[in-house]
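Residue numbers (numbering that gives the first Met the number 0): 0 to 581.
A quick write-up on the structure given underneath.
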Amino acid sequence: MTKRRALLIGVPEYESDRIEDLPVVCKDLEVLNSSLEQSGYLVRSLGGDNAAQLTRNRIINSLRRECREARGVDILLLYFSGHGLHYNGRDYLVPADAFLDDPEYIEEYLVSTDLSNIIDQADAKTIIFVIDACREGVKLEVKQTYLTAWSRGERRKASRRNFVVVFACGSGQMSQYIGGEAGFSLFSKALAEVLAPQHPACTLGEVLEATKSRLDAFVTQHLKQPQQIHYSCESLVDTTPLSQVICESLTAKTLRGEASYSWAEAALESSLWQETRRHGDAETRGWGDAGMGRRGISPKISFTPEENSTESRLKQQFIRIITACWQQWQASIQAMPDDPWRDENLPIRVLESLELLVLRSNPPVQLSAAEVALVIAVPFVREAVLASALVQAAKANPLACEATDATGSFRDSLHKLHQSEPRFFRKAKLLKEQGQIAEKDAVMSWLVHRCLRKTLEVWIPESEGGYLADDFVKGLQKFGRCSNRLVRDALNWKRLLELARCTLVDPERIDREDRPDALQSRLVVGSYSEEQPIREKMLAYLLKMAWLLAIDIRHLSTVLVDHIGMADPLDLNDLHRLVRVC
């Protein structure tokens with residue numbers, strides 16, 4: 000029997016003229032249903048297209064039935080999307096048959112968010128009540144702070160279980176949405192993206208934090224007012240609801256060996272891990288002058304996961320980083336699905352080149368476990384950064400040869416590149432005139448990648464005016480807050496980004512010390528008992544060389560682009576295959 004259940008309730012239409020309909024509710028239910036089912040939930044939805052009217056009685060009866068049937072369940076998620084209001088010190092959901100003309104009896108037509116009597120019937124260990132309500136469009140002609148006090152209503156404490164109530168917005172705020180046929184609730188879409196197994200978040204605390212990050216991004220993107228997620232929490236003495244695993248993340252499945260994808264497989268199976276473990280005896284590793292501990296003695300550490308948790312902890316945090324990178328990569332595929340220059344195997348080839356450089360040199364380059372984790376993670380971080388920038392670039396309609404309404408810093412940068420590379424822009428326009436649309440898109444896509452390579456904003460977070468997704472940056476920062484000092488120091492987010500950036504720029508940047516976040520020749524990370532060296536400059540040179548050996552077709556000679564669309568044309572698929580074989 001499934002250990003997770005969900006009841007999704009949405010009210011898209013209302014009888015009263017005082018309450019506006021909310022057609023976006025149907026989309027909310029659809030996207031959440033899909034994400035929850037993928038995360039192992041048994042889902043029941045009420046209120047979608049062609050559903051019976053969700054009256055007050057039907058909503059209450061549905062909640063009671065779900066709670067009664069939730070026996071032996073770990074997580075019970077209850078969700079409501081529609082209108083909500085605060086009245087006489089309590090928060091209420093507005094059913095389809097709500098009658099708001101009679102203030103004296105208005106509470107008889109509403110559904111209280113205080114579900115204590117109902118959830119006491121449930122046998123679920125943790126119950127989460129998610130409310131995406133308090134929206135514009137309710138005309139209530141009574142003198143009550145039905146918005147300013149929203150989410151502060153009184154609720155009797157539930158007994159014998161963990162109970163969390165999550166509000167899409169706080170006091171004085173609206174739960175905002177985008178109208179139209181493709182409309183959606185900002186909060187519900189953010190929540191659905193995070194609950195999907197492709198996202199690395201898996202505990203309730205991680206889900207709420209990641210949802211907040213995505214919500215903030217939507218608010219900025221759609222020029223909406225700030226909207227803060229609010230929640231209240233009740234728990235048993237020996238449990239912490241926020242640490243409860245509530246969904247199947249790709250990270251968790253990968254760590255358990257239940258799921259995999261090309262990047263995780265390549266990273267976890269890299270020979271660099273085994274070589275580090277083989278040299279685990281500190282006295283046989285021979286760090287040399289650059290690898291000595293602070294007192295001139297190499298640290299004695301074993302890297303076998305069964306005997307020491309250091310490598311295990313590094314890998315656990317490391318795979319979370321790789322999964323976050325994979326998420327950015329998937330987002331770029333959705334943003335530009337037909338990009339012919341996309342190369343999923345590039346970071347894997349970089350790892351193979353690193354293995355060649357490290358393991359087959361004479362004598363072999365000996366790396367600490369911290370250095371191994373870094374050099375394996377950086378190729379994926381680099382592609383994630385570029386993928387995140389590509390998502391932003393896609394918003395500027397970058398494949399259009401003609402003038403567009405798109406504005407913004409990237410569109411301006413791309414326009415300048417078109418002017419500085421006129422022959423390629425003319426080539427794309429000519430291909431379009433000849434009806435070779437795929438070839439035109441290939442040339443324009445190449446110009447997009449060329450522009451991103453030269454754009455500083457690629458490495459700057461969105462919140463600071465750049466293209467780097469804030470949720471990705473926050474994810475890297477969160478991974479750096481691991482309780483283990485060695486892991487926290489080694490996988491520092493700024494170091495990851497700087498090493499990734501050094502693979503794209505001239506090698507002279509590596510040695511420059513007159514700049515922020517300059518790389519160090521050598522530093523020591525970790526506590527006294529587990530300290531390890533990190534030689535940042537050496538790692539940067541290794542990564543730069545590995546990248547050159549791996550061959551990034553986006554950075555090959557412009558002659559390749561010249562041959563697109565010719566009588567004897569260049570086939571980019573053949574080029575990808577040739578590079579993989581080589």
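We put the beta carbon where it would ideally sit given N, CA and C, even for glycine.
From a predicted model like this one, the values you see are computed outputs, not experimental measurements.
Through-space distance from residue j to residue i, alpha-carbon basis
i, j, result
"Gly434", "Leu559", "20 angstroms"
"Lys211", "Leu203", "12 angstroms"
"His414", "Lys394", "14 angstroms"
"Arg17", "Gly83", "13 angstroms"
"Lys439", "His562", "12 angstroms"
"Lys453", "Asn491", "25 angstroms"
"Ile228", "Asp101", "31 angstroms"
"Gln172", "Lys493", "35 angstroms"
"Glu107", "Gly81", "18 angstroms"
"Ser38", "Asn32", "10 angstroms"
"Gly474", "Pro199", "9 angstroms"
"Asp516", "Trp458", "13 angstroms"
"Ala388", "Asp338", "14 angstroms"
"Arg410", "Asp113", "50 angstroms"
"Thr557", "Asp488", "41 angstroms"
"Tyr13", "Gly46", "12 angstroms"
"Val486", "Gln531", "11 angstroms"
"Ser270", "Leu541", "16 angstroms"
"Glu382", "Thr125", "38 angstroms"
"Glu305", "Arg312", "For Glu305, the predicted model reports a pLDDT of 44, less than 50, meaning its position is unreliable and no value from the coordinates is stated."
"Leu430", "Leu547", "31 angstroms"
Bounding residues of the alpha helix (DSSP H) (the contiguous stretch that carries residue i)
i, result
"Arg494", "492-501"
"Ser387", "368-393"
"Phe128", "Looking at the DSSP string, Phe128 is not in any alpha helix (DSSP H); the run it does join, the beta strand (DSSP E), is 125-131."
"Ser61", "55-68"
"Asp411", "408-419"
"Asp90", "That residue, Asp90, is in no alpha helix (DSSP H); its beta strand (DSSP E) goes 89-93."
"Ser25", "According to the sequence shown, residue 25 is Cys rather than Ser. Start and end: 23-37."
"Ile509", "507-510"
"Asp488", "484-489"
Collapsed DSSP secondary structure at residue i in the structure displayed
i, result
"Arg449", "helix"
"Asn572", "helix"
"Val457", "helix"
"Asn396", "coil"
"Leu114", "coil"
"Ser184", "strand"
"Ser556", "coil"
"Trp286", "With a pLDDT of 41 at Trp286, under the threshold of 50, the predicted position of this residue should be treated as unreliable, and no value is reported."
"Cys246", "coil"
"Glu233", "strand"
"Leu214", "helix"
"Gly9", "strand"
"Gly474", "helix"
"Ile18", "strand"
"Arg319", "helix"
"Leu518", "coil"
"Arg425", "helix"
CB contact flag (residue i, residue j, <8 angstroms)
i, j, result
"Ile127", "Ile8", "no"
"Ala97", "Leu109", "yes"
"Leu589", "Ala545", "Residue numbering for the chain in the displayed model covers 0 to 581; residue 589 lies beyond these limits and cannot be assessed."
"Gln329", "Gln243", "no"
"Ala266", "Ile321", "yes"
"Ala549", "Arg341", "no"
"Ile117", "Leu62", "yes"
"Ala132", "Phe79", "yes"
"Val93", "Leu53", "no"
"Leu350", "Pro378", "yes"
"Leu446", "Leu495", "no"
"Leu503", "Ile509", "no"
"Tyr176", "Phe183", "yes"
"Leu455", "Ala392", "no"
Residue i: first and last residue of the uninterrupted beta strand (DSSP E) it sits in
i, result
"His562", "Segment: none, His562 is in no beta strand (DSSP E) and carries neither H nor E."
"Ser80", "74-80"
"Pro532", "531-533"
"Val42", "41-45"
"Asn161", "161-166"
"Val364", "Per DSSP, Val364 belongs to no beta strand (DSSP E) and is neither H nor E."
"Leu522", "522-524"
Answer yes if the segment 20-27 comes into contact with the segment 52-70, meaning at least three C-beta pairs across the two stretches below 8 angstroms, and no otherwise.
no
Does the segment 315-324 come into contact with the segment 365-382, if we say contact requires no fewer than three beta-carbon pairs (one atom in each stretch) closer than 8 angstroms?
yes
Any contact of the segment 422-433 with the segment 461-473, i.e. 3+ C-beta pairs under 8 angstroms?
no
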